[in-house]
């Protein structure tokens, strides 16, 4: 009897001794980096489960790390060269010619040639990936270091593919490539523990600026686990949602990066009555009225949304592409103005006659439903707050959370809280073009405006970037019409959500550009310039 | 006979999963594209659907899948873009180590605590153990996991916050001790939860035994305490414990899903959640079948052990 108790106590003690013997990590009090000077551990996002094959979509946000791309964007969104030494576009906008630099090598020592570029684009076009190359008619090598891309139709945004698609080696590409990538990028893969971590080291053959950090380890942790890891001193960078900034983590600073990762309300643009091929209803008799859309947009206090919901980590949004080179700054307007909203409504005949606080016109109440994906807390908060904000102006918004699959059936007839944000202006075309009415998630509200369509077609056909940008800007607002608030107010854009990171207080992560939709990998875009601060 | 029943079960299960997924509103193309909506045009969506054969009717896809399985091919996972069998095997080895450790701890400590409680019936050790078991039985796995994580990994820093190997360490440098160190918290989470039913059943059974005539007789002869249990009780109380222990394979599986989520432990649980959410049918069906086989194995082992522990069952087999 007594023996048994003694044995159990001894066992418990033994376990404790064993456990504390294993302890190798310092607690919060004594925070020391238990790793070499030139090593970093990062917990910045989810695992690319499909592996690291650019032709399957790896590297579309931020740099592909192991591979290099033909062109790049710098922190001011200007286009610069990477593998390319030069590029040109024919006058009809259908033939892109890219000349390659001749000193680039893959990490196995073989040179990067035109053959590899052709192979990369042909592979990406045929293997059922998320890279849209349907407009590419043919890609061919002219000599060892020159490549020609022939398009079916002119597309100025094709350049985004030259910027985002990492080049893979033809000689070393096979079914297992995604797990053992070989490329000409700044780093090479050392080890990938699926579901856990990715260890990379500097590529000795890299032609560009050599990164300071020799070894990087990316941990694939959920946001709360990443915060726990940061608190325990196990990581140098952790991506966190804005709410987690309320408590500080000793030894780490908060870095927030501006984005076009936006949220906004999509309004059904046409009156009700029609149905889609699948039988889902199209159109809404309230939101199809310009006065309603403009009143909602002007009544919303965007600064208050940023402060209240995003803890200040965000910016007000006025278009789908705020601050990007093709943005039109004239789209900004003073908001949070209830009186202006009331005036707009009254002018259009929306007046509250029965005294219930909600305006009506010809028997129709100024009331509509706003849907949001129910698993997204930020969108839920935005939707509920917006409903509160527009109420004093006499508009009722009924907020409902649904699954994406339910949203898909109802989004043509009800307003939806969507999020977009890309470094590619083609997104604007998808969202606003009448060619994409009711096509997937692109233009669910059946928006259409002939003038806007014409500007966007011209932008696609443009042969210089600057020319294209000008047409994109005009499509937003040309002084008379456009998609933004001053024109059709087709969407009410609300906020751009900053990407927030906990970063070791001595680590300098260089100058970051405006991040696109998708938290995480974009931060590695300028990894070569990361340093320890003095 | 048992084998035929298992095969039938697997067949029905796979049909059920296919049928349920085809009823679910998840659009696999959308799930595959994920956050990439803005980059993928309609033509490309069509291409993706065709590449993965998503446009064919469910029945046709099921038959195609079944004939592939008969040739030993579980299909290709959409998420991992790798053979489903490969993905499952890899994840399963991680989960198996974790579950085995938790299972052993559960069995040993559950059994011991149960005996302890019965020996001290109605005194404080019994009350403490009973209270603990009742509390823990109504506690969700992930919550216990979070608690352990906060206390032992974040505050005390004794254990890593997750993963199955040290961050940034190359595979060749990872020792067995490292792996054990990383497994302790998740295994502890699982066993803390799992031992409650075993302890309680063992306690009840032992109390029954204590009330029996032969124990009274043994006591009258002066036997007492632990040796009494050892000589006269063990065989009698082992049966419920063993039954529970082996039929708990299913619960172990469910608990592991949550524990793995909390500790970022790369096991089958995480893969199951992902495949379900993203409509990855080959992987999902593979995991369901795999877990069914796993649970069936547990039950079969329990059956075999009965015969070993209880000689009456061996005789029963001869008669039947």
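Protein chains in written order, with the working numbering: chain A, 1 to 534; chain B, 535 to 854. Yeah, the Cβ is synthetic: ideal placement off N, Cα and C, and Gly gets one too.
Between residue 246/A and chain B, the shortest Cβ-Cβ separation is not below 9 angstroms. Annotated three-state conformation of residue 640/B is helix, per DSSP. Chain A has a Cβ within less than 9 angstroms of the Cβ of residue 797/B. Annotation: residue 701/B to residue 758/B spans about 52 angstroms, alpha carbon to alpha carbon. Contact between the segment 604-623 of chain B and the segment 811-828 of chain B is present, with at least three C-beta pairs closer than 8 angstroms. Between residue 498/A and residue 212/A, the C-beta gap is not smaller than 9 angstroms, which leaves the two residues out of contact. By the Cβ neighbour-count rule, residue 668/B is exposed, with fewer than 16 other Cβ atoms within 10 Å of its own. The CB of residue 217/A comes closer than 7 angstroms to the CB of 701, 702 in chain B, given here in chain order. For the set 135/A, 403/A, 447/A, the Cα lying nearest the Cα of residue 282/A is the one of 447/A. The Cβ neighbour count for residue 731/B, taken over all protein chains shown within 10 Å, is at least 16; the residue is labelled buried. The segment 407-422 of chain A makes no contact with the segment 134-152 of chain A: fewer than 3 CB pairs, one atom from each, lie closer than 8 angstroms. Residue 217/A holds the alpha-carbon nearest to the alpha-carbon of residue 194/A among 78/A, 203/A, 377/A, 217/A.
Contact with chain A is found for residue 577/B, since one of that chain's Cβ atoms lies less than 9 angstroms from the residue's Cβ.
The beta-bridge partner set that DSSP reports for residue 187/A consists of 202/A. Proximity of chain A to residue 705/B at the Cβ level (cut-off 8 angstroms) is accounted for by 191, 193, in chain order.
Within a 10 Å sphere around the beta-carbon of residue 748/B sit fewer than 16 other beta-carbons, which makes this residue exposed.
Residue 367/A sits close to residue 395/A, with the two beta carbons spaced by under 9 angstroms. Look at residue 494/A: its C-beta is not under 9 angstroms from any C-beta on chain B.
Under DSSP, residue 126/A takes part in no beta bridge, so it has no partner.
Residue-level contact check: residue 132/A touches chain B, since one or more beta carbons of chain B fall below 9 angstroms from its beta carbon.
Relative to the Cα of residue 380/A, the nearest Cα in the group 233/A, 417/A, 390/A belongs to 417/A. Under the Cβ criterion of 9 angstroms, residue 440/A is counted among the residues facing chain B. With a minimum length of 4 residues, the unbroken runs of alpha helix (DSSP H) contained wholly in the segment 791-840 of chain B fall at 802-811. Distances from the CA of residue 541/B to each of 803/B, 603/B, 557/B, 582/B were compared; the closest alpha carbon is that of 603/B. The shortest CA-to-CA distance from residue 649/B to any of 843/B, 772/B, 801/B, 622/B is the one to 772/B. Rounded to the nearest angstrom, the gap between the Cα atoms of residue 169/A and residue 184/A is 9 angstroms. For residue 696/B, the C-beta contacts it makes with chain A under 7 angstroms involve 221, 225, in order along the chain. Separation of residue 693/B and residue 716/B (C-alpha to C-alpha, rounded to the nearest whole angstrom) is 7 angstroms. Chain B has no Cβ within less than 9 angstroms of the Cβ of residue 480/A. Here the segment 449-464 of chain A does not lie against the segment 509-516 of chain A, with fewer than 3 beta-carbon pairs under 8 angstroms apart.
Just so you know, the alpha carbons of residue 49/A and residue 613/B end up roughly 6 angstroms apart.
Distances from the CA of residue 624/B to each of 798/B, 833/B, 679/B, 805/B were compared; the closest alpha carbon is that of 805/B.
Minimum Cα-Cα distance from residue 508/A among the listed residues 65/A, 209/A, 527/A, 165/A corresponds to 527/A.
Residue-level contact by beta carbon holds for residue 800/B and chain A, with a gap shorter than 9 angstroms. Taking 7 angstroms as the cut-off between beta carbons, none of the residues of the segment 648-670 of chain B comes near chain A.
In this model, residue 769/B and residue 784/B are separated by some 25 angstroms (Cα to Cα).
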